[in-house]
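Engineer:
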Amino acid sequence: SDVLLLNGPNLGILGRRQPEIYGTDTLADIERAVGEEVAARGWNVVAVQHDCEGALVRTVQEHYDTVGAIVNPGALMIAGWSLRDALANYPRPWMEVHLSNVWARESFRHDSVLAPLASGVIVGLGPLGYRLAARALVATVG
Ligand code: DQA
Numbered sequence: 002s003d004v005l006l007l008n009g010p011n012l013g014i015l016g017r018r019q020p021e022i023y024g025t026d027t028l029a030d031i032e033r034a035v036g037e038e039v040a041a042r043g044w045n046v047v048a049v050q051h052d053c054e055g056a057l058v059r060t061v062q063e064h065y066d067t068v069g070a071i072v073n074p075g076a077l078m079i080a081g082w083s084l085r086d087a088l089a090n091y092p093r094p095w096m097e098v099h100l101s102n103v104w105a106r107e108s109f110r111h112d113s114v115l116a117p118l119a120s121g122v123i124v125g126l127g128p129l130g131y132r133l134a135a136r137a138l139v140a141t142v143g
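Now the structure itself:
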């Protein structure tokens with residue numbers, strides 16, 4: 002079985018993106034960490050990152066058969082309506098993750114159009130948030 006790990010715009014440059022906010026781990030580090038967390042359950046990670054919303058929508062559509070998903074939508078949290086529609090049709094539990102504590106930042110980051118559809122939301126814990134989201138899927142997915 003596969004878990005979808007989906008990262009949105011500007012997350013492919015993690016490690017050299019505002020490290021004071023997002024830390025120094027790369028996306029490859031995060032993808033490896035999620036793989037470690039789900040390995041015990043015998044799951045594989047399908048890790049995908051796109052900067053374009055349409056490519057993310059297509060990725061979700063093509064992975065409706067995964068057992069669960071972890072999604073960091075980046076700034077698409079603010080107005081990613083087509084990504085939201087794609088996730089509304091996702092039949093399995095999925096977790097929204099934000100590295101930074103979005104409520105401690107600019108007010109335009111204080112609401113996510115995706116979050117009402119998520120099984121859970123983790124913010125502000127850096128890369129650990131992805132591990133915890135993976136553990137949540139392991140613990141809750143039947
Ligand atoms: C982010 C928070 C978003 O507001 C921002 O646009 C990002 C990263 C995070 O992981 O903290 O791109 O999703």
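Read in order, the letters of the sequence shown are residues 2 to 143 in the UniProt record's numbering.
Beta carbons are placed, not taken as given, at the ideal position from N, Cα and C, and that holds for glycine.
Note that the coordinates shown come from a computational prediction; the quantities given were computed from them, not determined experimentally.
1) Closer than 8 Å: is that where the CB of Ala119 sits relative to any heavy atom of the ligand DQA?
2) Could you name the residues of the same chain whose beta carbon sits closer than 7 Å to that of Gly69, not counting the 5 residues immediately before and after it, in chain order?
3) Are there any heavy atoms of the ligand DQA lying less than 8 Å away from the beta-carbon of Tyr65, as far as the coordinates show?
4) If you measure from the CB of Val98, is any heavy atom of the ligand DQA nearer than 8 Å?
5) Check the DSSP bridge columns for Asp3 and list the partner residues they point to.
6) Please look up how many angstroms separate the CB atoms of Asp26 and Gly36, rounded, as I've assumed it's under 8 Å.
7) Restricting to Cα atoms, I'd like to know which of His111, Ala135, Tyr65 and Ala29 is closest to Ala80.
8) Is residue 144 near the ligand DQA, judged by its Cβ being under 8 Å from some heavy atom?
Structural biologist: With the given structure in hand:
1) no
2) Val4, Arg93, Pro94, Trp95, Leu138 and Val142
3) no
4) yes
5) Asn45
6) So it is not a contact: roughly 14 Å between Cβ atoms.
7) His111
8) Limits of the chain in this structure are 2 at one end and 143 at the other, which puts residue 144 out of reach.
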